[in-house]
Amino acid sequence: MPAWDESEVIGPMIRNALHRWKDADYRIFVGAYPNDRATIEAVSGIAALESRVVLAVNSHPGPTTKADCLNLLWRAMEAEEKESGSAFKAVLLHDAEDVVHCDEIRLFDFMIDRFALVQLPVLPLPGQGGWLARAVTNHYCDEFAESHSKFLTMREALGAAIPSAGVACAFDRQALGRLTDERREGPFDPTSLTEDYEAGLRIGEMGGRGIFVRMRDEEGRLVATREYFPDTLDAAIRQKARWIIGISLAGWDRLGWRGGAIECWMRFRDRRAALAALVLFAAYLSLLLWGALLVIGFFLPHALPPYPESIRTLLLLNAGLMIWRALLRALFAGHSYGWRHGAAAIPRIVIANMIAILAARRAIFHYVRSLTGRPLAWDKTKHRFPELRTQE
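Everything in the sequence shown is counted per full-length UniProt numbering, starting at 1 for the first residue and increasing by one.
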């Protein structure tokens, strides 16, 4: 669990994990920075009472990158293995704001014998507060409900590599260790902003098989990680800009187009965010221009010429596809969060599109600056952890 400026959430998260995972055989490695005393104190207070919690402090002041912090934890894990004389079976990734499921470790323990990477669903917690805060948070609910129900399931069925989401995922220890052959400091590239995504694809390139698992517990609840996502436009734009840089822009440079036709198609889908944002911007601009032409038409002495038949056919086709996509999003969001949430997912598409456009603008700007020699930094967002009765 890499942590930078997480003092407000890391304590409740660790205590909740210890409570839910009870007596399972595991260690929680937490990475912190020497200039983040609040996080160090929050973790060390728990580690002093619980031997399964191990705090590792980076030798460099933070923030560096999440990958750099993960490599620190990898080295701490290797030191633990050397001291105990036994190797860990799997490496789980979580963030400081995650609400883990009590059956998660048992499920990972069962599946990791057959797969190099096991990814569980991520379910954003519904938003609170004003309508805009709820809309910003809930658009993550809509997107993850669709992606972690439809897209990853189809991706696995087609035989493409499964990317890690960075949380609620487990790597086979030996498979992840093979990535250290490429670099001495650890399995994750410290210059990457989406190290988890890249690790999943690299393991796939080495022949490791990943799986996306949707399974329910005895009460019928999905075994998944739940967490709050940003509830302000600025935070959402910064977070998604980081994803676009790591996957769409830098990911193209770093991972290329390896694999067969299906793998390349999936990588294109992953990397289309910047292009899609440009198309969205053009579409909304065209909509405004169309509205302006309608208004102007009322004041003209003669009617504007009609659209050619080919343009009208194309517009109808696009409208049909847009309605189909909106209904699919509403269906998957409603399945995960209820029909009211699903119905509201359709108008929230406008909020999601605005965030995507502004995030792409920010991502391109920062990526171009990185090409001039300025390193990419860990542009993290502020996290929240829900109040849980299990911690009482």
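A virtual CB, placed ideally from N, CA and C, is assigned to each residue, including glycine.
In this text the structure is predicted, and so the values were computed from the model without any measurement.
CA-to-CA, the gap between A42 and A326 works out to about 43 Å.
Between the beta-carbon of N138 and that of H341 there is about 7 Å, and that keeps the pair under the 8 Å contact cut. Shortest Cα-Cα distance from A235 to any of M266, L358 and S192 involves L358. Check the Cα spacing between P121 and each of I346, Y367, G45 and D98: the tightest is with D98.
Comparing alpha carbon positions, the residue from L233, R214, F110 and R374 closest to L123 is R214. Fully contained in the segment 252-337 are the following alpha helix (DSSP H) runs of length 4 or more, in chain order: 261-271, 273-297 and 309-337. Here D95 is buried. Its C-beta has 16 or more other C-beta atoms within 10 Å. The Cβ-Cβ distance between D36 and G62 falls below 8 Å.
The alpha-carbon separation between T381 and D113 amounts to approximately 35 Å.
E156 is positioned such that its CB atom lies closer than 8 Å to that of I211.
In the displayed model, I247 falls within a helix according to three-state DSSP.
Take the alpha-carbon of T180 and the one of G186: they are about 5 Å apart. For S164, the closest alpha carbon among the candidates C102, L93 and K150 is that of L93. Judged by DSSP in its simplified three-state form, C141 adopts helix. DSSP lists C169 as the beta-bridge partner residues of L93. In the DSSP secondary-structure assignment, G31 is bridged to P2 and A56. Looking from the CA of R242, the closest CA among A199, V100, T65 and V54 belongs to T65.
Taking the Cα positions, M266 is about 21 Å away from L280.
Looking at the DSSP output, F212 shares a beta bridge with Q119. Counted as a single uninterrupted DSSP element, the stretch harbouring R226 is not any alpha helix (DSSP H) but the beta strand (DSSP E) occupying residues T225 to E227.
For G31, the closest C-alpha among the options D217, E6 and W21 is that of E6. Looking only at C141, F88 and I355, the smallest Cα-Cα distance to R238 is reached by I355. Its chain contains A135 and H139 as the residues whose beta carbon lies nearer than 6 Å to that of I351, once the 5 sequence neighbours on both sides are disregarded; these appear in chain order.
By the criterion of a C-beta distance shorter than 7 Å, M13 is surrounded in its chain by A96, E97, D98 and F385, once the five residues flanking it on both sides are discounted. Residue pairing of P124 in beta bridges, as defined by DSSP: E227.
Distance from the CA atom of S192 to the CA atom of I245, rounded to whole angstroms, is 9 Å.
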